[in-house]
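Asks: For reference, each letter of the sequence shown is one residue, going 3 to 543 in our numbering. All C-beta atoms in this analysis are idealised placements derived from N, C-alpha and C, irrespective of residue type, glycine included. Computed from a predicted model, the values in this text were never measured in an experiment.
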Amino acid sequence: RKSATSFFAAYDALCEEGTATPVCKALDEIADISVPGSKDHVMVQGEILEGLVARIVSRESSVQMEEVLRNFPIPSLDGGDSDLGPSLRDICAANRSDEKQQIKSLLENVGSSMCPDHRDWFGYSGLEAQSRNADKSVVTHFLQAHPTDYATKKLQEMIGLMKRKNFSASFKSYWNYQKVDSLSNDNLCYKMVIHVYSDSVFRRYQQEMRKNQELWPLYRGFFVDVNLFKANNKKAAELSKDSNTLLRNINGALDSSLSSKDGLADEDSNLMVKLKFLTYKIRTFLIRNGLSTLFKDGPSAYRTYYLRQMKIWGTSASKQKELTKMLDEWAVYIRRKYQNKQLPSSTYLSEAEPFLEQYAKRSPANQALIGAAGDLVQTENFLAILDAQRDEEGDLQPERGTAPSSPTSTSLDVVSKTEGLIVFFPGIPGCAKSALCEQILNTPGGLGDNRPLHSLMGDRTKGRYWQKVADERKKKPFRITLADKNAPNEEVWRQIEDMCGMTKAAAVPVIPDSEGTDSNPFSLEALAVFMFRVLQRVNHP
């Protein structure tokens, strides 16, 4: 129990900024046994780290592991003598066009010692592929059947509740080809795969567990072997008696385990927990999974989406603030680049990583926020094998159409000169907006291209200023608009963003070259200059 506590404490401390090197170092320090991988994580996939998988086992397991390591010493890690065969990516790439052949090749490369039988994937004796799926009525028959053991009884209880409450989950059944020799009309063997689709199911299920504490806990996805068979009256009576005896024994064992201070129930050894790092969740859950909301419902809905996610995760307030700034910038960047055509979720990293790399270069704080970017991620290795259009979370769907070609370099974003431009000032009075706009208007050639220049001075424009700007841009969307008015808050930026979308324009903020302070975006020196300019005004409108 102390070992498990140390592990979870380490995860809690590292979960928001964890990357491969510090996480591995921390786990090496707290682990009773530490075994290096056959390949270095940083060399293969970079510093970005998806997460950890934990399994609670008994203390005796450590003794067994030590014995295994003594009997089978770890080979040299210099790579000179070890041939690990083709990588997972190499195998999938070589069989990209045929999913069945891809699976077969993967199983063969795993080796017969780990997977001696391929029948679960390819059936038995040439049975057709569609025969792998069992009839949908299997779940109904399973719920109506008499349970012969405690596990079956609890599983029926769980599935029955989920069915009655219409929880968003699937219960798919497949023939169990491992037991094909014993199949008959009176003896049917299946593998049932249970997949919970929505996070809301867990909250609703927990409410049910408060009412009935005997319910089994629910997990995102798991599979079980199901055996449905007919029994005569004598056999049925024996099964019923055995079932009741087993139930009493299990209840007694549970009571005994609960009374032990540091003991773990036997069934805990079957529990595996996935612990993901925030730096990974930024990419998958906040960027990738938010694409649909961002492009269909707009930035405001996207912000609501990612803030809700961070609240569910229990993300710290400081990280929420940092991520909000970064994700808002990502939303503007990707919407401007793709316009109304949604970025496919299957290729999002080819756009997200260059953006994150540029963002990380701005400051050490940004680097810590993102965890790793660019070469430290190795995007081509981080992208999932997407031919099946589905990942472990089950939420990748086939995309229609092709994405615009992505640049191979990670150079700074370049504003196209074939579109309009809105130059605006997220500043305060006295930051020399009008002087700069006047200078640009009076400069021969303007900004160096053929687009017409147009300036609207806020203090000389009657009515709603930003509505006036929008109206003028609709008349001539191709031109460059100098918005000579302070744009200090988010509400104004949203209006500018909407104008960019309606008139196919890019927006360029102009801000003073000032590092600012902890409580102000401008340095005290810059603020003093702004105040001096305002106080010196005589004929200012």
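(1) For the 8 Å Cβ check, are there 3 or more pairs between the region 46 to 62 and the region 309 to 324?
(2) Rounded to the nearest angstrom, how far is the Cβ of I424 from that of T483, given a contact under 8 Å?
(3) In whole angstroms, what separates the C-alpha of Q538 from that of V531?
(4) With R481 and G422 assumed to form a contact (beta carbons below 8 Å), what rounded beta-carbon distance in angstroms separates them?
(5) Go ahead and pull the three-state DSSP assignment for F9.
(6) Which residue's Cα is closest to the Cα of C502: Q341, Q66, G460, L293?
(7) Which complete alpha helix (DSSP H) runs does the region 431 to 463 hold, if anything under 4 residues is left out?
(8) With 16 other CB atoms within 10 Å as the buried threshold, where does N73 fall?
(9) Would you call the region 321 to 338 and the region 294 to 301 in contact, with 3 or more CB pairs under 8 Å?
(10) Please classify R466: does DSSP put it in a helix, a strand, or coil?
(11) Mapping the DSSP letters down to three states, classify W218 as helix, strand or coil.
(12) Starting from S172 and walking both ways along the beta strand (DSSP E), at which residues does that stretch end?
(13) For Q311, I'd like the list of residues in its chain whose CB is within less than 7 Å of its CB, leaving aside the five on either flank, ordered along the chain.
(14) Please report the residue range of the beta strand (DSSP E) in which K487 lies.
(15) Quick check on DSSP: helix, strand or coil for N368?
(16) So who's on the other strand from A56, going by DSSP bridges?
(17) Would you mind sorting Y221 into buried or exposed? The rule is 16 or more other CB atoms within 10 Å of its CB.
(18) Should P37 and A22 be called a contact, given that it needs their Cβ atoms to be closer than 8 Å?
(19) Please determine, among P346, Q344, K181, M328, the residue with the shortest C-alpha to C-alpha distance to R364.
(20) Could you tell me which of V512, F204, S202 sits nearest to G429, measuring between CA atoms?
(21) Give the C-beta separation of F144 and N189 to the nearest angstrom, bearing in mind that I take them to be a contact with Cβ-Cβ under 8 Å.
(22) Suppose the cutoff is 8 Å on Cβ atoms and the five residues either side in sequence are ignored; what does the same chain contact list for Q2 look like?
(23) So what's M116 in DSSP terms, helix, strand or just coil?
(24) Out of Y179, E210, N178, K174, which one is the CA nearest neighbour of V198?
(25) In the DSSP output, what is H197 paired with across the bridge?
(26) Using a Cβ-Cβ cut-off of 8 Å (strictly less than) and excluding sequence neighbours within five positions of K321, which residues of its own chain qualify?
(27) Looking only at its chain, what residues have a beta carbon closer than 8 Å to the beta carbon of E210, apart from the 5 residues adjacent to it on each side?
(28) Below 8 Å between beta carbons: does that hold for D34 and S64?
(29) Taking Cβ to Cβ, would you say V141 is nearer than 8 Å to I161?
(30) Can you grab the Cα-Cα spacing for the pair R57 / S5, in whole Å?
(31) In terms of DSSP beta bridges, what is P511 paired with?
(32) Using the rule of at least 16 other Cβ atoms within 10 Å of the residue's Cβ for burial, across every protein chain shown, is E499 buried or exposed?
(33) Can you list, in chain order, the residues of its chain whose CB lies under 8 Å from that of L325, leaving out five sequence neighbours each side?
(34) State buried or exposed for D119, treating a residue as buried only when at least 16 other CB atoms are found within 10 Å of its CB.
(35) Below 8 Å between beta carbons: does that hold for P479 and K506?
(36) Where does the unbroken alpha helix (DSSP H) through Y152 begin, and where does it stop?
Replies: On the basis of the supplied data:
(1) no
(2) Within the sequence shown, residue 424 is the residue found at index 422, counting from 1. Within the sequence shown, residue 483 is the residue found at index 481, counting from 1. That pair is a contact at about 5 Å.
(3) In the sequence shown, residue 538 corresponds to position 536, counting from 1. In the sequence shown, residue 531 corresponds to position 529, counting from 1. Approximately 11 Å between the Cα atoms of the pair.
(4) Locating residue 481 in the sequence shown gives position 479, where the first residue counts as 1. Locating residue 422 in the sequence shown gives position 420, where the first residue counts as 1. That belief holds up - the Cβ atoms of R481 and G422 are roughly 6 Å apart, short of 8 Å.
(5) To locate residue 9, count along the sequence shown from 1; it is residue 7. It is helical.
(6) Within the sequence shown, numbered from 1, the residue matching residue 502 stands at position 500. Comparing Cα positions, the closest option is Q341.
(7) 435 to 444
(8) In the sequence shown, counting from the first residue as 1, residue 73 sits at position 71. Exposed is the call here.
(9) yes
(10) Within the sequence shown, the letter at position 464 stands for residue 466. Three-state result, R466: coil.
(11) Residue 218 sits at position 216 when you count from the first residue of the sequence shown. In this structure, W218 counts as coil in the three-state DSSP scheme.
(12) Counting from 1 along the sequence shown, the entry for residue 172 is found at position 170. Start and end: 171 to 177.
(13) Within the sequence shown, the letter at position 309 stands for residue 311. For Q311, where only same-chain residues beyond five positions count, the Cβ hits under 7 Å are F287, L288.
(14) Residue numbering aside, residue 487 sits at position 485 when the sequence shown is read from its first letter. Segment 482 to 488, the beta strand (DSSP E) holding K487.
(15) Here residue 368 refers to the residue found at position 366 when the sequence shown is read from its first residue. N368: helix per DSSP, three-state reduction.
(16) Indexing the sequence shown from 1 puts residue 56 at position 54. Partner(s): V275.
(17) Indexing the sequence shown from 1 puts residue 221 at position 219. When all chains shown are included, Y221 counts as exposed.
(18) As a first step, residue 37 must be located in the sequence shown, where it is residue number 35. As a first step, residue 22 must be located in the sequence shown, where it is residue number 20. The sequence shown places Val at residue 37, not Pro. No. Outside cutoff.
(19) Start at 1 with the first residue of the sequence shown, and residue 364 comes out as number 362. Looking at the Cα atoms, M328 is the closest of the given residues.
(20) As a working note, residue 429 is residue 427 in the sequence shown. Among V512, F204, S202, the Cα nearest to that of G429 belongs to V512.
(21) As a working note, residue 144 is residue 142 in the sequence shown. As a working note, residue 189 is residue 187 in the sequence shown. About 14 Å separates the two Cβ atoms, so there is no contact after all.
(22) Lying outside 3 to 543, the shown extent of the chain, residue 2 is not represented and no answer is given.
(23) As a first step, residue 116 must be located in the sequence shown, where it is residue number 114. In this structure, M116 counts as coil in the three-state DSSP scheme.
(24) The sequence position of residue 198 within the sequence shown is 196, counting from 1. V198 has its Cα closest to that of K174, out of Y179, E210, N178, K174.
(25) Sequence index remark: in the sequence shown, residue 197 carries index 195 (1-based). DSSP output for H197 lists S172, G223 as bridge partner(s).
(26) Position 319 of the sequence shown, counted from the first residue, corresponds to residue 321. Excluding sequence neighbours, K321 sits near E18, L280, M312, L371.
(27) In the sequence shown, residue 210 corresponds to position 208, counting from 1. Excluding residues within five positions, the ones whose Cβ falls inside 8 Å are L163, K167, L217.
(28) Within the sequence shown, numbered from 1, the residue matching residue 34 stands at position 32. Within the sequence shown, numbered from 1, the residue matching residue 64 stands at position 62. It is a contact, given that the beta carbons lie within the stated cut-off.
(29) The residue you call residue 141 lines up with position 139 of the sequence shown. The residue you call residue 161 lines up with position 159 of the sequence shown. Yes, the Cβ-Cβ distance between V141 and I161 is below 8 Å.
(30) Stepping through the sequence shown from its first residue, residue 57 is reached at position 55. Stepping through the sequence shown from its first residue, residue 5 is reached at position 3. If you take the alpha carbons of R57 and S5, they lie about 12 Å apart.
(31) Within the sequence shown, numbered from 1, the residue matching residue 511 stands at position 509. For P511, which the question treats as bridged, DSSP gives the partners F426.
(32) On the sequence shown, position 497 is the one that residue 499 refers to. Answer is buried; the Cβ neighbour count reaches 16.
(33) Stepping through the sequence shown from its first residue, residue 325 is reached at position 323. Within the same chain, L325 has close Cβ partners I284, L288, Y308, M312, T317, L371.
(34) The residue given as residue 119 occupies position 117 in the sequence shown. Per the 10 Å Cβ criterion, exposed.
(35) Position 477 of the sequence shown, counted from the first residue, corresponds to residue 479. Position 504 of the sequence shown, counted from the first residue, corresponds to residue 506. Cβ atoms of P479 and K506: closer than 8 Å.
(36) Here residue 152 refers to the residue found at position 150 when the sequence shown is read from its first residue. From DSSP, the alpha helix (DSSP H) with Y152 extends over 152 to 166.
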